[in-house]
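J.: This structure is in structure tokens; I'll ask about it shortly.
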Amino acid sequence: MPLFPRRGAAPALDILAQMTTAPLHPVHHVDVGNLRLAYREAGDPDAPTLLLLHALGESSLSWDPLLDDLAALGYRVLAPDARGHGESDRPGEYTYELMTADTLGFCEVMAPAPRGVAIVGHSMGAVTAALVTAALTDPLPAGFPGRVTRLVLEDATPTRPGGPAFEPFDEPDHPVPFDWPLVNALRAQRSAPDPAWWDDSLRIEVPVLVVAGGPTSNVDQADLKDFAAGVADGRLIEIPVGHMVHDEAPAEFLAADGHFLGR
């Protein structure tokens, strides 16, 4: 389940079957502090890093069909499972601040070359990606491999105060592939966000591409437009297929990202 419900999107495995007959990229694991994170990867290990951050309730599996195409842009592509998701640890404590710290730690371990990283984030991952980018100001965190070089936010931005409240969801009566408590913990943060999330993120100076899902998305599209206009080097493109842009329109998403991220 992504941060906002899908509207007519096929399940991830159906999408994979439609796009490719290649096997899934294998899952690897790495220790980040006291947390064990799973991840998938593709591309030249010596190339600059492109980090893919998934939506709430998803995992690196959601990015799997795009890994090789994104790697072909000249990147080593890394797609981690966030805490509580996929095959990563489920520590029982979930905040955007912790996910930001996890991401910084993951980069410190996995991308030690001092050339920085480009980040693509979807929904929950877009919020984390913006917070990570905003955190990378002088002085840099000890050991971190440089700044974010480019940022893509797929149909989400950091929440600004005064927005709609996100009502808690009832726990489903069937198993889910993530730790259920994380859902309402993160939704509560989105309902009462730290004002610094929006304000600090607007001070991001690296190039930012906001990919909007258009009028059928459950996300406030005005926030996306305001964010793209408010950062120093922002641009916005609409792919009107709803919130699950890279699932519903992978070719269009890759074309937009390829133009923006191409090296």
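Going by the UniProt record's numbering, the first residue of the sequence shown is number 1, and it counts up by one from there.
Every residue gets a Cβ at the ideal spot worked out from N, C-alpha and C, and that includes glycine.
1) My understanding is that GLY125 touches VAL148, with C-beta atoms under 8 Å, so please give their C-beta distance in whole angstroms.
2) Quick one: Cα of VAL206 to Cα of ASP173, how far?
3) Mind checking whether HIS42 and HIS29 have CB atoms under 8 Å apart?
4) I need the DSSP call for PRO175, collapsed to helix, strand or coil.
5) Below 8 Å between beta carbons: does that hold for HIS246 and LEU66?
6) Please list the terminal residues of the continuous alpha helix (DSSP H) segment that includes LEU224.
7) Is PRO145 helix, strand or coil when you go by DSSP?
8) If I follow the unbroken beta strand (DSSP E) through LEU131, where does it start and stop?
9) DSSP three-state call for residue 264: helix, strand or coil?
10) What's the C-alpha gap between VAL152 and ILE204?
11) Between ASP44, LEU53, ASP31 and ALA118, which has its C-alpha nearest ILE262's C-alpha?
12) In the DSSP assignment, what residue or residues form a beta bridge with GLU154?
13) Near PRO177, which residues of its chain fall below 6 Å by C-beta distance, leaving aside the five closest residues on each side in sequence?
14) Please report how far the alpha carbon of GLY230 lies from the alpha carbon of LEU224, in whole angstroms.
T.: For this structure:
1) Position 125 of the sequence shown, counted from the start, is the residue given in the question as residue 125. Position 148 of the sequence shown, counted from the start, is the residue given in the question as residue 148. 14 Å between Cβ atoms; not a contact.
2) Numbered from its first residue, the sequence shown carries residue 206 at position 206. Numbered from its first residue, the sequence shown carries residue 173 at position 173. Roughly 44 Å between the two C-alpha positions.
3) Counting from 1 along the sequence shown, the entry for residue 42 is found at position 42. Counting from 1 along the sequence shown, the entry for residue 29 is found at position 29. Per the sequence presented here, residue 42 reads as Ala, with His not at that position. Cβ distance not < 8 Å, so ALA42 and HIS29 don't count as in contact.
4) Position 175 of the sequence shown, counted from the start, is the residue given in the question as residue 175. Note: PRO175 maps to coil in three-state DSSP.
5) In the sequence shown, counting from the first residue as 1, residue 246 sits at position 246. In the sequence shown, counting from the first residue as 1, residue 66 sits at position 66. Yes.
6) The residue given as residue 224 occupies position 224 in the sequence shown. It spans 221-230 - the alpha helix (DSSP H) in which LEU224 sits, taken as one unbroken run.
7) Indexing the sequence shown from 1 puts residue 145 at position 145. Model confidence at PRO145 stands at a pLDDT of 47, short of 50, so the residue's coordinates are unreliable; what they give is reported in the following sentence. PRO145: coil per DSSP, three-state reduction.
8) Within the sequence shown, numbered from 1, the residue matching residue 131 stands at position 131. It is not in any beta strand (DSSP E) - LEU131 instead sits in the alpha helix (DSSP H) that spans 124-135.
9) The question about residue 264 has no answer, for the chain in this structure spans 1 to 263.
10) The sequence position of residue 152 within the sequence shown is 152, counting from 1. The sequence position of residue 204 within the sequence shown is 204, counting from 1. VAL152 and ILE204: Cα-Cα distance of roughly 12 Å.
11) Here residue 262 corresponds to residue number 262 of the sequence shown, with the count starting at 1. The sequence given here has Gly at residue 262, not Ile. The shortest Cα separation from GLY262 among ASP44, LEU53, ASP31 and ALA118 belongs to ALA118.
12) In the sequence shown, residue 154 corresponds to position 154, counting from 1. Looking at the DSSP assignment, GLU154 forms a beta bridge with HIS122 and VAL211.
13) Numbered from 1 along the sequence shown, position 177 holds the residue referred to as residue 177. Cβ neighbours of PRO177 beyond the five flanking positions: none.
14) Taking the first residue of the sequence shown as position 1, residue 230 is located at position 230. Taking the first residue of the sequence shown as position 1, residue 224 is located at position 224. If I take the Cα positions, the gap works out to 10 Å.
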